[in-house]
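Protein chains in written order, with this note's numbering: chain A, 1 to 254; chain B, 1001 to 1278. Ideal Cβ placement from N, Cα and C applies to all residues, glycine included. First comes the structure, then the notes that go with it.
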């Protein structure tokens, strides 16, 4: 997967500025950065949900930013996306949500029994056995996040790429640890290429093979998790240490 | 503020409004054509029917009671309003025929359309708008499913197919309501009532009303789905889209009714000549 010179603006707001990114196959690439810096926007370019104002996006050597919706279908069926807001379908039960990508993949017919088995297995993996017939509205935020993750991995065969948008947001530390281990397992055992957008530095250290930080529309660091933790660049230092920027601090005066 | 600035800003505002309106107009027709292009595919696949039939239930079956009630009361009210005048002229026997012709030609399809726009149209916009703001439409796209084929085409088809059926219910209840008031309240006689109804109300009247309702149903389905897909973010955006759906659908029903009225009346006169009702 590759982004070449990708720029994107929304009105006067420049979100991505001439981004170059080559994603390594079967590795986990973590993109960190402050809220609102364009991490989710970047992720959406990879699966063609957004088109760049300038630049090119390649998946498996094929340029996708100029393809129509129908031409993108076979590419999207190899990529799973865990949305920040989970994006579960309210009208379906949990097991119907998890089995949806398999049911809709008409290129590879999967039997109902197999869909049910795989969906239940994936729910078990994320610690939600017994939740099959509940609806998203009945779940907590953390439970919805886990259903979204189960939906992303419930494909036969497994997806080649999984895009994770804040996969541990809203989860307690123990559940977050389970999710981190699952992400790592998918990469090591099934060779899934992972692109993870997160604020969670602990998660970054556990799942990341490569870490990049987005600041003002550009990458200001690119290295292993250990290299990023030792980086001398001021914005990176403050981010990994959890310290606010000087311009963020507001003095209240009476 | 200098006069030039006010004038320039007014012109700019008109231009911006016109551009915005034309953009939406073009986008709406592209949306319509795209949704309609999936109709044959949806009808020949089992999955398509599995998406279509639940929409028939929620749009059609669940709207039936309120549309029947509306039709019934319209028929009743028209008899109430017309009785005194027709009685004074000595034509009470023909009142039922005039009322039922009006219900079949105009009031049945229009009021069924308005009730459908309010009940089902608002619900469609709310459902799709909520899916839009919670990224469910993006999730569908990311999984290789076409949101328009998956969500819009079944709903549009259900509105087009069911609007005439609901209009039939409105016409039926309008007729029965008119008869009930004619006989039970004003003491009219049943036999002349139905005699003149048989003599006056033609298949053309019923057919015209049903033909109009097809267009009304299509307009309601497309406008509601389009507004849901293009609503602004947040609960306020969804709410505004629902209101807009009803208002635009209502205006479209009135405009379509006018033009279809001209067309159908013109066709009748060309093919059959003038028809006196009294």
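* Same chain, Cβ closer than 6 Å to residue 1120/B, neighbours up to 5 away in sequence not counted -> 1059, 1063.
* Asked: For residue 27/A, which residues from the same chain have a beta carbon less than 6 Å from its beta carbon, with the 5 sequence-adjacent residues on both sides left out?
  -> Closer than 6 Å at the Cβ level, and outside the excluded window around residue 27/A, lie 209.
* Residue burial classification, residue 1155/B (beta-carbon count within 10 angstroms, cutoff 16) -> By the Cβ neighbour-count rule, residue 1155/B is buried, with 16 or more other Cβ atoms within 10 Å of its own.
* Would you kindly work out how many angstroms separate the C-alpha atoms of residue 129/A and residue 105/A, rounded to a whole number? => One alpha carbon belongs to residue 129/A, the other to residue 105/A, and they sit about 24 Å apart.
* Proximity below 8 Å, CB of residue 171/A to CB of residue 42/A -> Contact: no.
* Three-state secondary structure (DSSP) of residue 10/A -> In the structure shown, residue 10/A sits in a strand (DSSP, three-state: E or B).
* Coil, strand or helix - residue 1236/B by DSSP -> Residue 1236/B falls in the helix class under three-state DSSP.
* Asked: Taking the alpha carbon of residue 113/A as the point to measure from, which residue in 95/A, 19/A, 127/A, 125/A has its own alpha carbon closest?
  -> Residue 113/A has its Cα closest to that of 95/A, out of 95/A, 19/A, 127/A, 125/A.
* Asked: Just the Cα atoms here: how many angstroms apart are residue 33/A and residue 198/A?
  -> Spanning the two alpha carbons is a distance of roughly 8 Å.
* If you draw a straight line from the alpha carbon of residue 148/A to that of residue 133/A, how long is it in whole angstroms? -> Each residue's alpha carbon lies about 15 Å from the other.
* Look at the Cβ atom of residue 1253/B, then the Cβ atom of residue 1219/B, and state whether they are nearer than 8 Å. => Pairing residue 1253/B with residue 1219/B gives a Cβ-Cβ distance under 8 Å.
* To do: Identify the contact partners of residue 104/A in chain B, using a Cβ-Cβ distance below 9 Å as the criterion.
  => By Cβ distance, chain B contributes 1047, 1140, 1143, 1144, 1145, 1150.
* Helix, strand or coil at residue 187/A [DSSP, three-state] -> Per DSSP, reduced to three states, the secondary structure at residue 187/A is helical.
* Hey, does residue 1135/B have any beta-carbon neighbour from chain A nearer than 8 Å? -> So yes, residue 1135/B belongs to the interface.
* **Segment limits, alpha helix (DSSP H) that includes residue 105/A** => Element bounds for residue 105/A: n/a, residue is neither H nor E.
* Within 10 angstroms of the Cβ of residue 1045/B, are there 16 or more other Cβ atoms? Answer buried if so, exposed if not. => Exposed, since its Cβ has fewer than 16 Cβ neighbours within 10 Å.
* Asked: Taking 7 Å as the line, does the beta carbon of residue 174/A fall inside it for any heavy atom of the ligand SAH?
  -> The ligand content of the structure shown is nil, which means the ligand SAH is not present either.
* DSSP state of residue 1199/B, grouped into three classes? -> Helix at residue 1199/B.
* Give the straight-line distance between the Cα atoms of residue 232/A and residue 163/A, rounded to the nearest whole angstrom. => Going from the Cα of residue 232/A to the Cα of residue 163/A covers about 29 Å.
* Could you give the distance in angstroms between the alpha-carbon of residue 88/A and the alpha-carbon of residue 1129/B? -> Looking at the two C-alpha atoms, the distance is approximately 14 Å.
* **For residue 1026/B and residue 230/A, the rounded distance between their alpha carbons** => Looking at the two C-alpha atoms, the distance is approximately 54 Å.
* Contact set between residue 87/A and chain B, taken where Cβ atoms lie within less than 7 Å -> Correct list: 1134, 1135, 1136, 1138, 1139.
* Between 1094/B, 1074/B, 1182/B, 1201/B, which lies nearest to residue 1107/B when the distance is taken from Cα to Cα? -> Between residue 1107/B and the set 1094/B, 1074/B, 1182/B, 1201/B, the nearest pair of CA atoms involves 1074/B.
* Can residue 136/A and residue 90/A be called in contact, C-beta distance under 8 Å? -> Taking 8 Å as the Cβ cut-off, residue 136/A and residue 90/A qualify as a contacting pair.
* In chain order, which alpha helix (DSSP H) runs of at least 4 residues are fully inside the stretch 197–224 of chain A? -> Look at the stretch 197–224 of chain A and you find these whole runs of alpha helix (DSSP H), each 4 residues long or longer: 201–207.
* Asked: Can you tell me whether DSSP reads residue 139/A as helix, strand or coil?
  -> Three-state result, residue 139/A: coil.
* Asked: Helix, strand or coil: which one does DSSP assign to residue 88/A?
  -> Note: residue 88/A maps to coil in three-state DSSP.
* Is the Cβ-Cβ distance between residue 1227/B and residue 1244/B less than 8 Å? -> Closer than 8 Å, so yes.
* **Boundaries of the alpha helix (DSSP H) in which residue 64/A is found, first to last residue** => Per DSSP, residue 64/A belongs to no alpha helix (DSSP H) and is neither H nor E.
* Are any of the Cβ atoms in chain B nearer than 8 Å to that of residue 81/A? -> Output row for residue 81/A: interface = yes.
* **Cα-Cα separation between residue 1035/B and residue 1052/B, rounded to whole angstroms** => C-alpha separation (whole angstroms): 13 Å.
* Asked: From residue 111/A to residue 144/A, what distance separates their C-alpha atoms?
  -> Roughly 26 Å separates the two Cα atoms.
* Proximal residues to residue 54/A (C-beta, below 8 Å), its chain only, five neighbours per side dropped -> Residues 5, 6, 7, 18 of the same chain have their beta carbon placed closer than 8 Å to that of residue 54/A, with the five preceding and five following residues left out of the count.
* Taking Cβ to Cβ, would you say residue 1274/B is nearer than 8 Å to residue 1118/B? -> No; because the gap between Cβ atoms is not below 8 Å, this pair is not in contact.
* List the DSSP bridge partners of residue 1057/B. => Partner(s): none; residue 1057/B has no beta bridge.
* Same chain only: Cβ atoms within 6 Å of residue 119/A, ignoring 5 sequence neighbours per side -> Excluding positions up to five away in sequence, the list reads 95, 98, 99, 154.
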